[in-house]
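In my numbering, the protein residues as written are 1 to 486.
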């Protein structure tokens with residue numbers, strides 16, 4: 001450790017005293033071993049393809065999520081991590097999409113690009129009939145159409161004319177802070193508020209409700225609410241271009257007929273699970289302190305959850321494999337976490353805090369939390385949450401990775417992901433900076449979130465990056481600084 005000069009009281013005595021705020025000198029030998037293991041014996045691509053191709057979409061609470069969590073726990077066990085485990089927390093019922101087919105059969109045949117809202121109920125059998133467009137009608141008009149709505153296929157919104165055409169600013173294009181957070185909301189419009197339409201359709205007994213996505217070129221976004229009831233009208237989202245075609249036909253008085261089959265299933269297990277595993281600390285003085293690295297394992301149901309957040313989950317797993325393969329014996333415990341329920345409100349991270357960090361004594365044992373989400377591609381550095389003293393340390397740790405295109409830490413923070421509950425408690429928690437190219441406007445929460453968006457080199461780099469920073473945090477003298485006043 002570099003030692004810092006400071007002045008003591010009025011004596012003006014100069015002392016050489018270790019200061020955890022001073023830039024720490026990384027362990028170069030261990031960094032090179034991490035790089036060698038990660039570059040020469042990587043399992044990143046195989047793990048990534050297993051997660052995204054074999055297990056695929058991992059909706060919170062679904063059997064698919066639980067299967068992926070069991071697989072990840074098994075891999076941690078195979079690599080010799082300590083106490084690989086599933087930690088449950090209450091969530092509510094799971095949901096699975098078993099069958100979805102939407103076809104236009106008149107005035108011509110055309111298969112339509114669609115997804116179902118998560119937790120929507122099934123359509124009763126196969127529905128075959130004309131579409132009924134109500135997107136430009138007032139609530140009173142829709143209410144007067146009850147006889148027509150019963151058993152109908154209903155287009156609830158107007159044509160989609162605004163689209164998510166761009167990503168948030170790219171961190172990799174500059175050296176300074178960038179605007180963070182989610183991209184601007186794109187509206188989908190209807191003359192009657194969507195909530196009122198849903199209530200009117202439910203009362204009338206409509207067969208299925210359809211609305212457009214706000215993505216272009218056949219990309220369809222899909223989310224949903226776990227609070228959806230069995231009595232809700234089944235809900236489907238269509239590709240904007242095809243939805244707009246159906247609206248144009250209706251406005252011209254040309255009858256479009258659809259054939260719709262939607263089958264879903266609910267799961268009675270009301271719990272979901274975080275995946276945890278440890279690399280135990282070996283220094284009696286600090287072994288009970290924890291360096292926590294994590295990413296959310298859950299995804300939405302529309303594709304395979306590759307960039308949101310399969311790559312982050314993979315990076316945590318491969319970082320664990322790298323350190324275990326090196327027989328690493330950290331001073332502090334390094335804990336690897338794969339969260340559930342991020343997409344429903346950071347639920348897994350919140351459950352961990354409630355179960356492990358409920359009092360100040362436990363909070364004081366957390367050295368740092370490092371989170372891998374959102375964005376895709378290489379890891380550039382960390383958002384440092386307005387913590388300049390921690391940034392000084394992380395800047396020194398970044399230097400040995402510049403040959404892997406790790407370029408910057410920034411003082412800015414970022415929201416809407418699993419480190420946020422830790423930050424709000426005053427704990428040192430930082431999220432990785434990644435690029436957003438084709439992320440917001442193409443893959444995030446859509447049917448286009450597949451492994452082709454990531455390269456093997458990017459996956460390898462992410463894992464090495466995490467393993468290196470976790471090791472440095474576990475080995476350093478002193479603590480990662482908290483924000484003053486926290």
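Even glycine gets a Cβ: it sits at the ideal position worked out from N, Cα and C.
| query | Tell me which same chain residues have a C-beta within less than 6 Å of the C-beta of residue 103, skipping the five on either side of it? | reply | Correct list, in chain order: 111, 259.
Worksheet item: Who are the near neighbours of residue 442 in its chain, counting only those whose CB is closer than 7 Å to its CB and skipping five residues on each side?
Response: Counting only Cβ-Cβ distances below 7 Å, and skipping sequence neighbours, we find 219, 448.
- Three or more beta-carbon pairs under 8 Å between the region 249 to 257 and the region 37 to 44, yes or no? Taking 8 Å as the limit for Cβ pairs, the verdict is that the region 37 to 44 does not touch the region 249 to 257.
Q. Excluding sequence positions up to five away, which residues of its chain have a Cβ less than 6 Å from the Cβ of residue 483?
A. Cβ-Cβ distances below 6 Å link residue 483 to 387 in the same chain, with the five nearest sequence neighbours on each side left out; the list follows chain order.
Worksheet item: For the beta strand (DSSP E) that residue 383 lies in, which residues bound it at each end?
Response: Residues 376 to 383.
TODO: Note down, one range per segment and in chain order, each beta strand (DSSP E) of at least 3 residues found wholly within the region 109 to 137.
DONE: Runs found: 114 to 116, 126 to 133.
Just the C-alpha distance for residue 189 and residue 158, rounded to the nearest angstrom, thanks.
-> Spanning the two alpha carbons is a distance of roughly 6 Å.
message: Rounded to the nearest angstrom, what separates residue 118 and residue 292 at their Cα positions?
response: A direct Cα-Cα distance of roughly 31 Å separates residue 118 from residue 292.
Worksheet item: How long is the line joining the alpha carbons of residue 306 and residue 337, rounded to whole angstroms?
Response: Rounded to whole angstroms, the separation of the alpha carbons of residue 337 and residue 306 is 18 Å.
- prompt: Distance, Cα to Cα, residue 491 vs residue 391?
  reply: Residue 491 falls outside the range modelled here, since the chain spans only 1 to 486, and no answer is possible.
Exposure label - residue 108; buried when at least 16 CB within 10 Å: Answer is exposed; the Cβ neighbour count stays below 16.
>> In chain order, what are the residue ranges of uninterrupted alpha helix (DSSP H) at least 4 long that sit wholly in the region 233 to 283?
In response: List check, alpha helix (DSSP H) in window: 240 to 251.
To the nearest angstrom, how far is it from the Cα of residue 478 to the Cα of residue 427?
Their backbone Cα atoms lie some 15 Å apart in a straight line.
Exercise. Using alpha carbons as the reference points, say which of 161, 142, 207, 366 lies closest to residue 245.
Key: Ranking 161, 142, 207, 366 by Cα distance to residue 245 puts 161 first.
Quiz prompt | residue 84, buried or exposed, once every other Cβ within 10 Å from all chains shown has been counted against 16 | solution = The residue is buried, with at least 16 neighbouring Cβ atoms inside 10 Å.
| said: For residue 143, which residues in the same chain have their Cβ closer than 7 Å to its Cβ, ignoring the five residues on either side in sequence? | reply: Once the five neighbours on either side are set aside, the close Cβ partners of residue 143 are 200.
**Prompt:** Quick one: what does DSSP say residue 322 is sitting in, helix, strand or coil?
**Reply:** Assignment of residue 322 by DSSP, reduced to helix, strand and coil, places it in the helix class.
Inspect the CB distances between the region 339 to 353 and the region 398 to 411 and report whether three or more fall short of 8 Å.
No: fewer than three Cβ pairs fall under 8 Å.
- request: For residue 462, collect the residues of the same chain with a Cβ closer than 6 Å to its Cβ; drop the 5 residues on either side in sequence, then sort them by chain order.
  value: So the list reads 315, 379, once near-sequence residues are dropped.
Notebook entry, point to check: Should residue 254 be labelled buried (16 or more other beta-carbon atoms within 10 Å of its own) or exposed?
Noted result: Residue 254 should be labelled exposed.
field: beta strand (DSSP E) segments (min. 3 residues) lying fully within the region 423 to 468
entry: Here the runs fully enclosed are 429 to 435.
Checklist entry - So, residue 209 versus residue 131, is the Cβ gap smaller than 7 Å? => result No. Outside cutoff.
Of all the options 114, 60, 438, which has the alpha carbon lying nearest to the alpha carbon of residue 239? Among 114, 60, 438, the Cα nearest to that of residue 239 belongs to 114.
Residue interval of the beta strand (DSSP E) (run including residue 365)
Neither: residue 365 is in no beta strand (DSSP E) and is coded neither H nor E.
(Q) Using C-beta distances below 7 Å, list every residue in its chain close to residue 21, excluding the 5 sequence neighbours before and after it, in chain order. (A) Below a pLDDT of 50, predicted positions are generally treated as unreliable, and residue 21, at 46, falls in that range; the measurement from the model is reported next regardless. Hits under 7 Å: 389, 392, 481.
- Message: Which of the three DSSP states is assigned to residue 339 in this structure?
- Response: In the three-state scheme derived from DSSP, where H, G and I count as helix and E and B as strand, residue 339 is classed as strand.
| field | Cβ pair residue 413, residue 383 closer than 7 Å | value | Closer than 7 Å, so yes.
Check: Quick one, are the C-beta atoms of residue 60 and residue 272 less than 7 Å apart?
Finding: The beta carbons of residue 60 and residue 272 sit closer together than 7 Å.
Beta carbon of residue 295, beta carbon of residue 450: below 7 Å? The criterion of a C-beta distance shorter than 7 Å is not satisfied by residue 295 and residue 450.
Quick test of the definition: if touching needs 3 or more C-beta pairs under 8 Å, does the region 317 to 326 touch the region 69 to 83? Result yes; three or more Cβ-Cβ pairs closer than 8 Å.
Item to complete: For the beta strand (DSSP E) holding residue 83, just list the boundary residues, first then last.
Response: Residue 83 -> beta strand (DSSP E) spans 82 to 90.
Check: Which of helix, strand or coil does DSSP assign to residue 150?
Finding: Correct three-state label for residue 150: coil.
Should residue 432 be listed as close to the ligand COA, given that the test is whether its C-beta is under 6 Å from any heavy atom? Absence of the ligand COA from the depicted structure is noted, as is the absence of any ligand whatsoever, leaving it without description.
(request) Would you mind stating whether residue 38 and residue 464 have Cβ atoms separated by less than 7 Å? (result) A Cβ-Cβ contact shorter than 7 Å links residue 38 with residue 464.
Q: Closer than 6 Å by C-beta to residue 329: which residues in its own chain qualify, once you throw out the five before and the five after it? Chain order, please.
A: Shown here for residue 329: same chain residues with a beta carbon closer than 6 Å to its own, the five before and five after excluded, namely 282 in chain order.
Which of helix, strand or coil does DSSP assign to residue 301?
Reduced to three states, the DSSP call for residue 301 is coil.
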